[in-house]
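Numbering-wise, numbering that gives the first Met the number 0 puts 0 at position 1 of the sequence shown, and it's gapless, one number per residue.
One structure is given below, encoded as structure tokens.
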Amino acid sequence: MKLHLEIWRQAGPTTEGHYESIDVPDAVEQMSILELLDHVNETLIESGREPFAFASDCREGICGTCGLTVNGRPHGPEQNKPSCQQRLFNFSDGDTIRLEPLRSAAYPVIKDMIVDRSALDRVMQQGGYVSVNAGTAPDADTLHMNHQTAELALDHAACIGCGACVAACPNGAAHLFTGAKLVHLSLMPLGKNERGRRARNMVDEVETNFGPCSLFGECADVCPAGIPLTAVAAINKERARAAFTAKDA
């Protein structure tokens with residue numbers, strides 16, 4: 000399988016980047032996008048050239064570090080799959096594939112396809128925690144939660160924080176990410192004390208660093224965890240609720 004690659008090359012956050020052309024004559028359909036980059040880098044290293052920098056960790060679709068843009072789409076052509084799970088059988092022999100970092104004003108490029116996504120971490124720092132009583136661990140059945148509510152909370156807790164939703168949004172909004180966290184934590188028995196503060200602080204932080212929701216739904220289309228678009232509604236819902244609760248609740 001022959002492929003022509005246009006891969007983003009950028010030495011650092013303050014330097015200008017460009018696409019570098021690479022021809023791969025021996026790609027295999029079962030390769031993932033990251034395995035394709037591994038193959039390219041091995042060839043570059045053998046010839047004494049600098050490999051491309053990109054981020055990855057588990058390569059099992061659960062850590063969220065592998066995010067990059069494939070032909071203008073975060074992660075790749077397959078819906079709701081991370082880059083490490085996108086396979087080359089989605090392409091044809093002779094295709095051109097353009098690989099670049101996740102594009103957003105909130106994600107400055109560190110090098111090549113590695114971006115700084117700490118803006119998402121700052122959102123979590125504002126409210127992604129719960130208060131617990133110190134001492135011995137309580138019995139599991141002391142915190143009552145019905146099955147339906149637990150499943151809904153877990154569905155939203157599935158967000159892996161890859162940041163593709165921000166890159167997919169034309170406004171660079173992080174409402175799907177933030178909404179998923181707000182829904183998850185608001186449904187859990189623990190963390191009720193922080194619910195109002197969490198909503199106020201997290202929403203303030205997301206509006207400081209990210210754009211407004213575009214209402215187009217591209218975020219849910221690329222989300223590897225399948226977070227539903229309804230999570231976006233939690234932004235206004237939790238903020239409105241917090242407006243009518245005590246400042247410390």
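Where is the CB? At the ideal position from N, CA and C, for every residue including glycine.
Can you confirm whether isoleucine 234, when its beta carbon is compared against all beta carbons of chain B, has any partner nearer than 8 Å?
Given the protein chain composition of this structure (a single chain), no chain B is represented.
Below 7 Å, is the gap between the Cβ of phenylalanine 215 and the nearest heavy atom of the ligand GTP?
As presented, the structure is devoid of all ligands, the ligand GTP included, so that no description of it is given.
First and last residue of the uninterrupted beta strand (DSSP E) at leucine 181
First-last for leucine 181: 174 to 186, but that is the alpha helix (DSSP H), not the beta strand (DSSP E).
What are the start and end residues of each continuous beta strand (DSSP E) run of 3 or more residues lying completely inside the stretch 91 to 119, in chain order?
95 to 99, 108 to 110
State the DSSP-derived secondary structure class of serine 82, mapped to helix, strand or coil.
helix
In the stretch 127 to 178, which residue ranges form an unbroken alpha helix (DSSP H) of at least 4 residues, counting only runs that do not cross its ends?
146 to 156, 163 to 167
Methionine 112, buried or exposed, once every other Cβ within 10 Å from all chains shown has been counted against 16
buried
Determine the extent of the alpha helix (DSSP H) in which isoleucine 44 is found, giving its start and end residues.
32 to 45
Is arginine 121 helix, strand or coil by DSSP?
helix
Give the list of continuous alpha helix (DSSP H) stretches no shorter than 4 residues that lie fully inside the stretch 182 to 221.
194 to 208, 217 to 221
Flag this pair as yes or no: are the beta carbons of leucine 189 and valine 129 separated by less than 8 Å?
yes
Consult DSSP for glutamate 27 and reduce its assignment to one of helix, strand or coil.
It is valine, not glutamate, that sits at residue 27 in the sequence shown. Three-state result, valine 27: coil.
What's the gap between the Cα of isoleucine 82 and the Cα of valine 131?
Checking the sequence shown, residue 82 turns out to be serine, not isoleucine. Serine 82 and valine 131: Cα-Cα distance of roughly 36 Å.
Whose CA, out of Gly225, His143, Leu228, Lys110, lies closest to the CA of proline 12?
Lys110
How many Å lie between aspartate 220 and serine 213 at the Cα?
13 Å
For leucine 87, which residues in the same chain have their Cβ closer than 8 Å to its Cβ, ignoring the five residues on either side in sequence?
Met0, Leu2, Ala26, Val27, Glu28, Gln29, Met30, Ser31, Ile32, Leu35
Valine 273 versus proline 223: straight-line alpha-carbon distance, rounded
Given a span of 0 to 248 for the chain in the structure shown, any question on residue 273 remains unanswerable.
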